[in-house]
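Quick notes on the structure that follows.
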Amino acid sequence: MGMINSLGLNKEDSFLAIAKGECGIKHIESFDASAFPVRIAGEITDFDPTEVMNPKDVKKAGRFIQLALKATKEAMKDSGILDAHNKCPEELANRMGVSSGSGIGGLGNIEANSIFCFEKGPRKVNPFFITSALVNMIGGFTSIEFGIKGPNLSSVTA
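This is the structure in structure tokens:
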């Protein structure tokens with residue numbers, strides 16, 4: 001099992017916080033929420049995406065992809081299926097697949113790049129914009145990270 005949430009960056013820390021009766025809902029700090037009627041949320045803080053992916057890939061992956069990869073890495077290690085190089089064993093690679101989903105994907109990246117395109121023009125938009133926003137990139141990054149060669153399915157739903 002892999003877990004990342006407002007109570008912890010892994011399943012152990014999350015479980016301990018739940019067992020202590022802690023609440024992960026706090027005042028929003030990641031952006032100015034003063035214009036919104038609700039100013040509390042379960043934010044994930046202190047997360048460093050370079051712990052789970054190459055620093056060059058961080059630019060290519062939206063935050064939702066980074067968080068999914070963090071939880072997936074923990075789950076894959078917990079499963080005991082990985083080889084000494086933290087990859088799917090070659091004899092199982094074609095028999096393993098990835099199924100992932102998201103409620104909305106990289107909406108923050110879509111919004112930011114839309115504004116940037118409007119203000120600076122289309123030639124100034126980040127060339128990795130698409131890879132940072134598409135929900136199926138969760139499975140793409142996961143397949144690449146672990147050498148999984150089977151089916152790759154992604155769903156988007158609310």
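Letter 44 of the sequence shown, counting from 1, is numbered 44 in the UniProt record's numbering, and no numbers are missing. Even glycine gets a Cβ: it sits at the ideal position worked out from N, Cα and C.
Exposure of Val98, with buried meaning 16 or more beta-carbon neighbours within 10 Å: What you label residue 98 is simply residue 98 of the sequence shown in a count that begins at 1. Val98 is buried by the Cβ-count criterion.
Inspect the beta-carbon positions of Thr157 and Gly101 and report whether they are closer than 8 Å. As a position in the sequence shown, residue 157 is number 157, starting the count at 1. As a position in the sequence shown, residue 101 is number 101, starting the count at 1. Yes. Within cutoff.
Give the DSSP bridge partners of Lys56, in chain order. As a working note, residue 56 is residue 56 in the sequence shown. DSSP lists no partner for Lys56.
Would you mind working out which of Gly62, Cys88, Phe118 sits nearest Ile130, comparing C-alpha positions? As a working mapping, residue 130 is identified with position 130 in the sequence shown. Selected option, being the one with the closest Cα: Gly62.
Selection from Pro37, Ile148, Ile40 that minimises the alpha carbon distance to Asp83: For the purposes of this step, residue 83 is identified with residue 83 of the sequence shown, where counting begins at 1. Ranking the options by Cα distance to Asp83, first place goes to Ile148.
For Gly108, which of helix, strand or coil comes out of DSSP? Your numbering for residue 108 matches position 108 in the sequence shown. Correct three-state label for Gly108: helix.
Alpha carbon to alpha carbon, what distance is there between Asp78 and Ala68? Here the question's residue 68 lines up with position 68 in the sequence shown. Here the question's residue 78 lines up with position 78 in the sequence shown. One C-alpha to the other measures close to 15 Å.
For Met3, which of Arg39, Phe47, Gly21 has the nearest alpha-carbon? The count along the sequence shown starts at 1 and reaches residue 3 at position 3. Of the listed residues, the one whose Cα sits closest to Met3 is Phe47.
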